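Report on one structure; see the data block that follows.
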Amino acid sequence: MRVRSKFIVVEGLEGSGKSSAVKKIADILRQKYGLVDLIITRDPGGTLLSESLRNLIKKGVNDELITDHAELLMFYAARVQLIEQVIKPSLSKNIWVISDRYDLSSHAYQGGGRAIDVMLLKALRNLVIKNFQPDLTFYLDVSPIVGLSRIFIRDTSLDRIERESLDFFNRVRSCYRLMASKNHRIITIDAHQTLQDVHKEIFIYLKKWLMVQGA
Ligand SMILES: Nc1ncnc2c1ncn2[C@@H]1O[C@H](COP(=O)(O)OP(=O)(O)OP(=O)(O)O)[C@@H](O)[C@H]1O
Ligand SMILES: [Mg+2]
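Okay, so the sequence shown: first residue is 226 according to the numbering used here, each after it adds one.
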């Protein structure tokens, strides 16, 4: 493919189908477009340090309460490491990057869910992200009940964030929907559909988008 490499992100609540969608996007790019220079990553995660922070965020340390600000800073520490060590170097080598979550998750979970002050989030974002945004984001929209019940079937032990209340996830979802409605680079997909239909919709959009990019 002659098009310069892109940074594609999948976002959504737990059980919305992000990990399945990320694999699907990679399969489409490899099989239909012959792309070999492509990596899949996840936020938080994707480097040794960021994966350790992911583990800390998800499991906590014994019973110690993690404050909202400490959690927020761990997410951003993991993210800045991922950006500088993996995403930017890959893109500069013309390698495509597909990520399971990115900065929109902090808008939604820390801003919407935890109600952290917008000015603080903005300041952190300016410091860490600056203008570095994905070329395309798929937001998989699912209700918390449907999403969480899918997760629960897979694994009955929930992590620190998965144990949050339905109210929390409803706030996260509202925030996601609002952000998606304001940004044309965020494509909302109804993730209540069958997995097959979700993937079909992603494929159709991706094909159109790649055509516009000159692929
Ligand atoms: N549209 C769908 N219909 C039915 N089942 C689905 C759908 N999307 C995903 N699932 C199933 O729900 C489970 C969670 O999907 P997946 O792991 O892709 O979601 P996720 O968003 O990555 O979750 P997490 O936030 O926990 O990482 C899997 O078992 C998957 O097969
Ligand atoms: Mg997942």
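Just so it is clear, CB atoms sit at the ideal spot from N, CA and C, and this is done for glycine as well. Nothing here was measured: the structure is a model prediction, and the numbers come from that model.
Should Leu290 go down as buried or exposed, given a rule of 16 or more other Cβ atoms within 10 Å for buried?
exposed
Collapsed DSSP secondary structure at Tyr301 in the structure displayed:
helix
Local conformation of Gly337 per DSSP, three classes
In the structure shown, Gly337 sits in a helix (DSSP, three-state: H, G or I).
Starting from Ser315 and walking both ways along the alpha helix (DSSP H), at which residues does that stretch end?
313 to 317
Taking 6 Å as the limit, tell me which residues put their C-beta closer than that to any heavy atom of ligand 2, in chain order.
Ordered along the chain, the selected set is Lys243, Ser244, Asp325.
On the three-pair Cβ rule with 8 Å, is the segment 281 to 298 touching the segment 356 to 366?
no
heavy atom of ligand 1 below 7 Å from Gly240 C-beta:
yes
At a cut of 8 Å, does the segment 383 to 398 reach the segment 333 to 340 through at least three beta carbon pairs?
yes
So, for Val367: in the same chain, excluding its five sequence neighbours on each side, which residues have a beta-carbon less than 7 Å away from its beta-carbon?
Gly237, Leu238, Gly240, Ser241, Ala416, His417
Same chain, Cβ closer than 7 Å to Arg379, neighbours up to 5 away in sequence not counted:
none
Given 8 Å, three or more beta-carbon pairs between the segment 400 to 412 and the segment 258 to 275:
no
Buried versus exposed call for Ala441 [16 or more other C-beta atoms within 10 Å across all chains shown]:
The structure shown does not extend to residue 441, since the chain is modelled only from 226 through 440, so no value can be given for it.
I'd like to check one pair, Ser275 with Leu307: are the Cβ atoms closer than 8 Å?
yes
Does the beta carbon of Ile253 fall short of 7 Å from some heavy atom of ligand 1?
no
Among Gly372, Thr419, Ser374, Arg227, which residue has its Cα nearest to the Cα of Gly259?
When only C-alpha atoms are compared, the closest one is Arg227.
Looking at Gln418 and ligand 1, is the gap between the Cβ and the nearest heavy atom below 7 Å?
At least one heavy atom of ligand 1 is nearer than 7 Å to the Cβ of Gln418, so yes.
Would you report the Cα separation of Tyr430 and Gly439, rounded to the nearest angstrom?
14 Å
Hey, would you say Ile320 sits closer than 8 Å to Ile354, going by beta carbons?
Result no, Cβ atoms of Ile320 and Ile354 do not sit closer than 8 Å.
Lys284 beta carbon less than 8 Å from that of Ile386
No. Outside cutoff.
Cβ shell of Leu391 (< 6 Å), same chain only, five flanking positions each side left out:
Pro369
Three-state secondary structure assigned by DSSP to Val234
strand
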